[in-house]
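> Below is a structure I'd like to ask you about.
Numbering (UniProt numbering), first residue to last: 1 to 621.
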């Protein structure tokens, strides 16, 4: 297989050091770093597929990591392109370009159906669907189709270990066997490796490759892969969507490794310094981490930049403002590697490449900013917004992050959080020189009534359940935002009853009432609806007032196809009389019926100004 020469939307950042000094040895340090990403998980997948030269395509849902991981077996076994899609993805352009001879569909109609499948079947005569009753049956069928006799075993309940294993599996010619790691299992093939610790896969089999966490496990797997790696795919270990697209690089030919990244560890930096071509997959890595990857690529061993020998006096400054004890040192010729070798234990470099290049040599004590490795550092407003917004999809870490002094709290993010049933407070704390701290706190909006506290893991589990509601509602098959918004409102109204006992607070007005207890009052319906809209990329915001009887009421203000509208998404008290599979019982007029009385007309200029059009721009991050 060959790497395509025409990769669209790939930003290549190349440093060619034509002559370097290495304490007596001359080294070729040419290297390149490419960023492959689209506007979202689907476009990122399509862009990464252009790395693979093949007439076979494997298509799986971008919203089901288990099916996508199992798709690896077919993609690897048949040297195929892996394409992750939603049910309304239009693949016409890609199908016209590739002209595939065969397409595999991985997963059932519920996760992979609708327009995208019709699109494929209209263009390709040889289409094969592989699916089972659950993720493990589907996985077994992909192994059988690809004729694997030996496998590596990973936990099918989560994705990081299985994803990190793909490069080693490819190199060794092994299939990926997914199991329920909490239980004993039996497989039909020889187990060569088990990926992850006993908390992931309890049963032993073959050689176990595990670290203390997903990143350390990734390092152990790459060590097992050995030398001679030509390319490395770097991707987030926090979100599977973009990360799964890294499988295309693994299938692109040559010896490829895959590294899960959050903050580069010293081991990861050393590993990267010896690899020629690096591919950052997706848009989830921070600018700081990308900068660290760029720095790592410039060095093999101790390299000095070409030019006269110049001394620079430096001192490490903790971004909290502390002058670290015994941290003054000298370096030569802006030698970044030497600067990093002097880093205090447990610290990472925060100063960027440009600052290192502009060190002064006139006896000035140059400040080199550092931070403890576990501290999150955000460098600009877009990066800060993206950090919060992605956290709202997957579970936001609370506490303090370090921000550059250009970053400010974003009130529109707080509006989004309010509409989802939570409260977020951002407080800027003046710090030192170029850096401040931002305190981020989350709480349950109706905490006074429900007695709930914000918990990141519980929040993440809820969002997974909401994603399942989206799948079950069939909205992914629809094209326009308004169609999706109306259909999901119909789905909530038909499937879940209004809680007549409004004083049963946990089942009435919690942000988890619908997903936990399958009932709620107007607040709970609005919260769940807005959570779903966040995942669908449709701006939504709660609006409050009273109904026509003077009783407090909440509805959703939603931005559909270029305009703001108010939707009433609450369920009905006559729910028991309804056919819960017939969404047509709820007409668009039922959803558009404004029960809300507010001081200002919802469409008035003042209210729209308050909501702010910038709210919609956040969904494009």
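Every residue, glycine too, gets a C-beta built ideally from N, C-alpha and C.
Please return the same chain residues whose Cβ sits closer than 7 Å to the Cβ of residue 157, not counting the five positions on each side in sequence.
180, 181, listed in sequence order.
> What are the boundary residues of the beta strand (DSSP E) that residue 415 is part of?
Not the beta strand (DSSP E): residue 415 falls in the alpha helix (DSSP H), residues 411-419.
> Taking all protein chains shown into account, do 16 or more other C-beta atoms lie within 10 angstroms of the C-beta of residue 97, making it buried, or fewer, making it exposed?
The residue is exposed, with fewer than 16 neighbouring Cβ atoms inside 10 Å.
> Let me know the beta strand (DSSP E) ranges lying completely inside the region 363-391, each 3 residues or longer, listed in chain order.
Listed in chain order, they are 365-372.
> Give a yes or no on contact between the region 548-564 and the region 451-467, applying the rule of three or more CB pairs nearer than 8 Å.
They do not touch, by the three-pair rule.
> What would DSSP say about residue 549, mapped onto helix, strand or coil?
Looking at residue 549 - three-state DSSP - the assignment turns out to be coil, as it is neither helix nor strand.
> Tell me which same chain residues have a C-beta within less than 7 Å of the C-beta of residue 460, skipping the five on either side of it?
Once the five neighbours on either side are set aside, the close Cβ partners of residue 460 are 394, 395.
> Can you give me the C-alpha to C-alpha distance between residue 272 and residue 80, rounded to a whole angstrom?
Their Cα atoms are separated by approximately 27 Å.
> Just how far apart, CA to CA, sit residue 229 and residue 535?
Using only the alpha carbons, I get a separation of about 37 Å.
> Could you pull out every residue in the same chain whose Cβ sits closer than 6 Å to the Cβ of residue 102, ignoring the five residues on either side in sequence?
So the list reads 56, 126, once near-sequence residues are dropped.
> Would you say residue 585 reaches chain D, if we count a Cβ-Cβ gap shorter than 7 Å as a contact?
Reference to chain D is not applicable here, since this structure consists of a single protein chain.
> In chain order, which continuous runs of the beta strand (DSSP E) of length 3 or greater are located wholly inside the region 245-270?
With a minimum length of 3 residues, the continuous beta strand (DSSP E) runs that stay inside the region 245-270 are 256-261.
> Could you spell out the range, first to last residue, of the beta strand (DSSP E) harbouring residue 235?
231-236 is the span of the beta strand (DSSP E), which, as asked, contains residue 235.
> To the nearest angstrom, report how far apart residue 35 and residue 248 are at their CA atoms.
Roughly 14 Å separates the two Cα atoms.
> With the cut-off set at 7 Å, would you say residue 499 and residue 489 are in Cβ contact?
Not a contact, by the Cβ cut-off of 7 Å.
> State buried or exposed for residue 212, treating a residue as buried only when at least 16 other CB atoms are found within 10 Å of its CB.
Exposed.
> Around the C-beta of residue 579, are 16 or more other C-beta atoms found within 10 angstroms, so that it is buried, or is it exposed?
Classification of residue 579: exposed, given that the 10 Å Cβ count is below 16.
> If you drop the 5 nearest sequence neighbours on each side, which residues of the same chain put their C-beta closer than 8 Å to that of residue 28?
Below a pLDDT of 50, predicted positions are generally treated as unreliable, and residue 28, at 31, falls in that range; the measurement from the model is reported next regardless. For residue 28, where only same-chain residues beyond five positions count, there are no Cβ hits under 8 Å.
> Could you tell me how far apart the beta carbons of residue 69 and residue 215 are, in whole angstroms, since I believe they sit closer than 8 Å?
Wrong, their Cβ atoms sit about 18 Å apart, outside the cutoff.
> If distances are taken between C-alpha atoms only, which option among 234, 108, 511, 371 comes closest to residue 261?
Cα-wise, what sits closest to residue 261 is 234.
> Have a look at 251, 61, 187 and flag the residue whose alpha-carbon is nearest the alpha-carbon of residue 73.
Among 251, 61, 187, the Cα nearest to that of residue 73 is on 251.
> Which one or two residues does DSSP pair with residue 190 in a beta bridge?
150, per the DSSP bridge assignment.
> By the three-class DSSP mapping on this structure, what secondary structure does residue 284 have?
Coil at residue 284, not helix or strand.
> May I ask you to report which of helix, strand or coil DSSP gives residue 403?
Reduced to three states, the DSSP call for residue 403 is strand.
> Just the Cα atoms here: how many angstroms apart are residue 619 and residue 264?
So the alpha carbons of these two residues sit roughly 28 Å apart.
> Measuring alpha carbon to alpha carbon, tell me which residue in 111, 76, 90 is nearest residue 119.
Measuring from the Cα of residue 119, the nearest candidate turns out to be 90.
> Does residue 429 pass the burial test, meaning 16 or more other C-beta atoms within 10 Å, or should it be called exposed?
By the 10 Å Cβ count, residue 429 comes out exposed.
> Taking 8 Å as the threshold, find out whether the region 164-171 comes into contact with the region 107-115 through three or more Cβ pairs.
The region 164-171, when compared against the region 107-115, does not touch it at the 8 Å Cβ threshold.
> Classify residue 452 as helix, strand or coil using the three-state DSSP reduction.
Here residue 452 sits in coil by DSSP.
> Please name the residue in 582, 528, 204 whose C-alpha comes closest to that of residue 569.
When each option's Cα is compared against that of residue 569, the closest is 528.
> Label residue 348 either buried or exposed according to how many other C-beta atoms from any shown protein chain fall within 10 Å of its C-beta, with 16 as the threshold for buried.
Result: buried.
> Short of 6 Å in beta carbon distance, which residues of its chain neighbour residue 425, apart from the five on each side in sequence? Order them along the chain.
Here the set comprises 441.
> Of the residues 522, 190, 474, which one's Cα is nearest the Cα of residue 546?
Per the Cα distances, 522.
> Kindly indicate which three-state DSSP category residue 396 falls into: helix, strand or coil?
Residue 396 falls in the coil class under three-state DSSP.
> Flag this pair as yes or no: are the beta carbons of residue 450 and residue 510 separated by less than 7 Å?
Yes, Cβ-Cβ distance for residue 450 and residue 510 is below 7 Å.
> Measuring only the C-alpha atoms, how far is residue 39 from residue 78?
Taking the straight line joining both Cα atoms gives about 28 Å.
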